Amino acid sequence: MTGTPRPFQTLTVRQQGVLLRVVLDRPERHNAIDELLLDEMAAALDRAESTPELRVVSLEATGPVFCSGMDLASAAGPVGPDGPAAGAARGGARFFDLLDRITTLPRVVVAAVDGRVTGGGVGLVAASDVAVATERGSFGLPEALWGLLPCGVLPFLIRRVGAQPARLLTLTTLPVDARRAAAIGLVDELVTDIDGWLRRLAGRLARVDGQTLADGKRYLDRLLPPPHAQRALAVAEFSRLMSTPAARDRIDAFATGRRMPWEPA
């Protein structure tokens with residue numbers, strides 16, 4: 050029995066010629082990453098890989114927040130029978146694998162940012178081949194405020210911007226604006242018209258053979274330290290931190306009272 054594909058619930062996905070636009074579409078949750086979004090991102094990337102005429106995949110978002118990272122309300126949910134560490138390990142591994150998939154996808158992946166990016170959202174940007182942002186873009190890693198670290202993000206971020214900018218973002222938790230993000234290499238170009246920029250790129254890459262782009266990504270990846278070499282370390286450290294009382298207390302306080310960790314009790 051066959052039927053129409055189930056529509057996406059957390060994404061809007063549409064093809065425009067050689068461009069596949071993948072739009073995070075949970076503005077009411079600040080486009081936070083939960084299990085369903087991970088499932089649907091995997092399905093969208095499957096579609097991109099299996100559609101030979103595509104050359105470019107853009108990652109975009111609805112609303113003023115591009116992506117706020119992990120959905121902390123989901124993370125504060127009931128702990129499974131195998132404990133919080135096992136659940137965190139599964140979630141951390143799935144998120145890492147999404148970022149790794151972006152780096153190896155045989156299409157040019159563009160993060161097109163028009164708003165705030167925090168936590169795992171920075172990972173989506175860092176894993177992309179190209180990142181553009183408007184002046185409304187800002188980028189931050191607030192995980193330490195929650196008793197956590199951006200374990201899955203850092204292998205991709207260090208690969209893109211180097212160790213010291215990644216250290217600064219991680220240990221200070223302070224966000225940077227789009228201009229500063231461009232200065233450190235997290236953003237490749239500041240733009241005023243994302244749609245127009247994507248159209249121009251798609252028009253240009255329509256002239257390039259798809260296999261050449263795939264070969265180019267594969268060859269470039271072989272010249273750099275592969276992020277997946279740090280997968281086990283990233284997943285283990287995230288799992289450990291998610292099991293600590295400091296992290297659990299802060300996440301639970303946020304989920305139940307909507308109190309941020311920097312606010313007084």
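Offset between the sequence shown (1-based) and the working numbering: plus 49. Note that the Cβ used here is the ideal one computed from N, Cα and C, for glycine as well. Keep in mind it's a predicted model, so treat the numbers as computed, not measured.
When we look at the beta-carbon of residue i and count the other beta-carbons within 10 Å, is it buried (16 or more) or exposed?
i	result
Pro113	exposed
Val257	exposed
Ala215	buried
Gln58	exposed
Arg299	buried
Gly211	exposed
Ser99	exposed
Leu108	buried
Leu273	exposed
Ala182	buried
Gly140	buried
Ala296	buried
Leu86	buried
Thr51	Only weak support is given to the placement of Thr51: the predicted model assigns it a pLDDT of 37, under 50, and the question is left unresolved by the model.
Gly245	exposed
Ala278	exposed
Leu220	exposed
Give a yes or no on whether the C-beta atoms belonging to residue i and residue j are separated by under 8 Å.
i	j	result
Pro204	Gly168	no
Ala255	Val67	yes
Arg209	Gly234	yes
Leu218	Gly189	yes
Leu147	Met90	yes
Thr111	Pro56	no
Val179	Val159	yes
Ala283	Cys200	yes
Arg156	Arg104	yes
Leu198	Glu286	yes
Ala92	Val106	no
Leu269	Ala161	no
Ala175	Leu206	yes
Glu184	Ala232	no
Can you tell me which of the three DSSP states residue i falls into?
i	result
Ala255	coil
Asp226	strand
Gly306	helix
Val62	strand
Leu197	coil
Ala160	strand
Val105	strand
Glu238	strand
Gly189	strand
Ala110	strand
Thr167	strand
Val174	helix
Val284	helix
Pro294	helix
Val202	coil
Arg75	coil
Ala182	strand
Leu250	helix
Met50	Its pLDDT being 34, under 50, Met50 is placed unreliably in this model, and the coordinates cannot settle the point.
Ile300	helix
Leu115	Correcting the residue type first, residue 115 is Phe in the shown sequence and not Leu. Strand.
Leu69	strand
Please report the Cβ distance between residue i and residue j, rounded to the nearest whole angstrom; I am assuming they are in contact, meaning their Cβ atoms lie under 8 Å.
i	j	result
Ala137	Met291	4 Å
Cys334	Ile151	Only positions 50 to 314 of the chain appear in the structure, and residue 334 is not among them; the question remains open.
Thr293	Gly196	6 Å
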